[in-house]
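Residue numbers (our numbering), protein chains in the order written: chain H, 40 to 198; chain E, 176 to 672; chain C, 7 to 135.
The beta carbon of each residue, even a glycine, is placed where N, CA and C say it ideally should be.
No experiment lies behind these values; they were computed from the predicted model shown.
Input: a single structure, listed below in structure tokens.
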């Protein structure tokens, strides 16, 4: 316990070589798995929120294993702010597009009039667009939650 | 303009503007005002069209995503929900004009964050009044609640603590509601309100249905701050930033009362609540009468204008709950009319308080001396709002109280009638105290003014205040047509105004 | 007595959820530290989530993931598959829980910065001064 306290005070905790190498190898696979979960949401367990959390947790893992600035280097605060809004705008935009194209809100078969793939195929695949928007938004929000709460809002160092 | 999606366009406009404000507001602050006002103006216009359409063609149901009920989520647009749509969007529009100015004053540099939460709150409220699915109601209820937690926490000093207490109490309410929906799902296997209403009478599980009803009611009562579950409201609403207070205070509790009416009449039937469990019905009317008296008495003890208004708000919620549970058409008409009237009255009073706070920096009673000389139009509008709260004709407050008292007399609930009359007298004491300070006391020598200068409130804050004061009078004169054409259609079958 | 015992033993999962809910409720109301209140809220919401998920259980049923081609060939027997609807509803409830926790934690950082403590009675003391 005392050793842990000393190491935390000297900022040596979390800078172990094994942890850093393992995380560096794992993060691309975690992100690939997150994308897989997003895409397979309408067909098997998964979906926008779950995949988004996995993607977000890859950035949190970077912040835990290295330091906060490394995580911010890969997803900067400005990109985060823009992408989270873009994610929700994709969701609402697709819903609005379905309504403007002549159907009801979120009625994907109406998108058939924009890109002719068949109304049944659209109803089966249209949800993927919405899941994508949700996944992007949730990824940004999860990472941003950890950065803000872990560093007390200053985004320089903390945990 | 007769598209079948109009009521969802009304919801989509504030939602899209929320994220547009977040993106564009970082670039330049000048985008925020026009975007928001354009979105809310479109929503109000669309809500008016929807109301006219429902009155002409009748109620209709709308399936989101074209999945048929009970598999899909259904929206219900009947006269009551169209009326609430119009109310929510017009109150939001008036409140936003004032909020833009006060947020610039109180939270410089963070307006784009404030207004993102604000517009998501408006979108959530617009969705709450249309939904016909029990679980969708929970989701939208939590959306409005979470944005409210964030908006209140942006205030100064003790606001984060007030918001934290609101989080704890609000989550209790929402979780109880979720438990109730869970019970209903176990019993009926469906989440669609109309479907549940069809299956419930044929069930043979009285204890389980009663438990579900109890959980739903208690959850909604915590959310609407019915005394004694109101403890979170005075702190939260009086310490919120002024721009948030003018929008949250008129709308949140009224929409929750509307939700209680929906649960009572669209999921369970009036026969279940009023006839099968008549003991519960009189108990709740007694509790509402007690709530009115206690909340009004607590309001007498306050020294700050906004806190006094929040306690009056708690009493008004008890009016509406008691009115609905009176079990006759007159009481229900009074309650629904009071939803509309109270939203307008609270908007008017909170806008006046915001204007006074902007110019003088404090709402304590001893700083209100002689305010009439400095801000005549503001105090005139405040007077109209005060008269409406007391219940003086021809302002609208008189007519809803009239219906409530008449309903109490017809139902034989003399305690409710007594509570209403005593509460009107206490309101008279409360408001005449302030009017005396503002009109008849000389201006105190050390009247501090903020750096916003002295004099009348700025035009963006003054014009919605005057519009709402005129609306109080217009609602008073027009309440006859309102009841005849809209509210009469909103009552369940078998009840007449 | 026999029937009472069989009631308790057969529905043991509901009794566990009731106990969890009461623990969470007590923590929300009875504890004075803000973090403990927040954790109580989380426990309460988790108990409700577990309650919903257990609604879908059927005796001898399997998980609701089926092979598309097997279903197209042989059809599907609904009584041998768990009800997946409560699971999906609870995904939404989990998202709500996470959001409220996030907002509450951010508010607690602000409270701590202003008052230096997270105990409710100490905060009320400092306000009273």
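| query | What three-state label does DSSP hand residue 246/E in the structure shown? | reply | coil
| query | Whole-angstrom Cβ separation of residue 583/E and residue 492/E, contact assumed at under 8 Å? | reply | Not really, about 17 Å apart at Cβ, beyond 8 Å.
| task | Let me know the secondary structure DSSP gives residue 8/C once reduced to three states. | result | helix
| query | Whose C-beta lies closer than 7 Å to the C-beta of residue 171/H among residues of the same chain, with five residues either side of it excluded? | reply | 77, 129
| request: Using a Cβ-Cβ cut-off of less than 8 Å, give me the residues of the region 166-190 of chain H that come near chain E, in sequence order. | output: none
| message | Could you compute how far the alpha carbon of residue 350/E sits from the alpha carbon of residue 546/E? | response | 45 Å
| Relative to the ligand HEM, is the shortest distance from any of its heavy atoms to the C-beta of residue 86/C smaller than 7 Å? | Among the components modelled here there is no ligand, and therefore nothing to report on the ligand HEM.
| Neighbourhood of residue 141/H by C-beta distance below 7 Å, restricted to the same chain and skipping five residues each side | 149, 152
| query | Ordered along the chain, which non-local residues of its own chain (more than five positions away) have a Cβ less than 7 Å from that of residue 185/H? | reply | 99, 102
| Can you tell me where the alpha helix (DSSP H) with residue 236/E in it begins and where it stops? | Looking at the DSSP string, residue 236/E is not in any alpha helix (DSSP H); the run it does join, the beta strand (DSSP E), is 235-238.
| Within this structure, are the beta carbons of residue 550/E and residue 644/E separated by less than 8 Å? | no
| Taking just the CA atoms, how far does residue 135/C sit from residue 113/C? | 22 Å
| query | Measuring CA to CA, which of 86/C, 47/C, 46/C is closest to residue 65/C? | reply | 86/C
| request: Examine chain E for any beta-carbon lying closer than 8 Å to the beta-carbon of residue 119/H, and answer yes or no. | output: no
| request: Inspect the CB distances between the region 8-25 of chain C and the region 78-92 of chain C and report whether three or more fall short of 8 Å. | output: no
| field | CB of residue 554/E within 8 Å of CB of residue 276/E, strictly | value | no
| message | DSSP three-state label for residue 308/E, please. | response | strand
| field | residue 536/E versus 348/E, 239/E, 481/E, 557/E, residue with shortest Cα-Cα distance | value | 481/E
| Limits of the unbroken alpha helix (DSSP H) element including residue 534/E | 504-535
| query | Where does residue 197/E fall in DSSP's three states? | reply | helix
| said: Using 8 Å as the threshold, is the C-beta distance between residue 114/H and residue 176/H below it? | reply: no
| residue 193/H - DSSP class collapsed to helix/strand/coil | coil
| task | Give the interface partners of residue 112/C over in chain H, defined as CB-CB distance under 8 Å, in chain order. | result | 187, 188
| query | Is it buried or exposed for residue 414/E, if we count other Cβ within 10 angstroms and need 16 for buried? | reply | buried
| request: Consider the Cβ of residue 146/H: report whether some Cβ of chain E lies at a distance smaller than 8 Å. | output: yes
| When Cβ atoms are compared, which residues of the region 96-117 of chain H fall closer than 8 Å to chain E? | none
| First and last residue of the uninterrupted alpha helix (DSSP H) at residue 365/E | Where residue 365/E is concerned, there is no enclosing alpha helix (DSSP H), given that its DSSP letter is neither H nor E.
| query | What three-state label does DSSP hand residue 151/H in the structure shown? | reply | helix
| task | Give, in chain order, every unbroken run of the beta strand (DSSP E) that is at least 3 residues long and sits entirely within the region 248-287 of chain E. | result | 249-252
| Inter-residue spacing [alpha-carbon to alpha-carbon] between residue 123/C and residue 117/C | 8 Å
| field | Sub-8 Å separation of residue 656/E and residue 663/E beta-carbons | value | no
| Closest by C-alpha distance to residue 239/E, when choosing among 573/E, 308/E, 231/E | 308/E
| said: For chain C, check one thing: does any of its Cβ atoms lie closer than 8 Å to the Cβ of residue 335/E? | reply: yes
| said: Between 116/H, 44/H, 79/H, 155/H, which has its C-alpha nearest residue 192/H's C-alpha? | reply: 116/H
| query | So who's on the other strand from residue 39/C, going by DSSP bridges? | reply | 125/C
| task | Report the neighbours of residue 58/C on chain E: residues whose CB is nearer than 7 Å to its CB, in chain order. | result | 357
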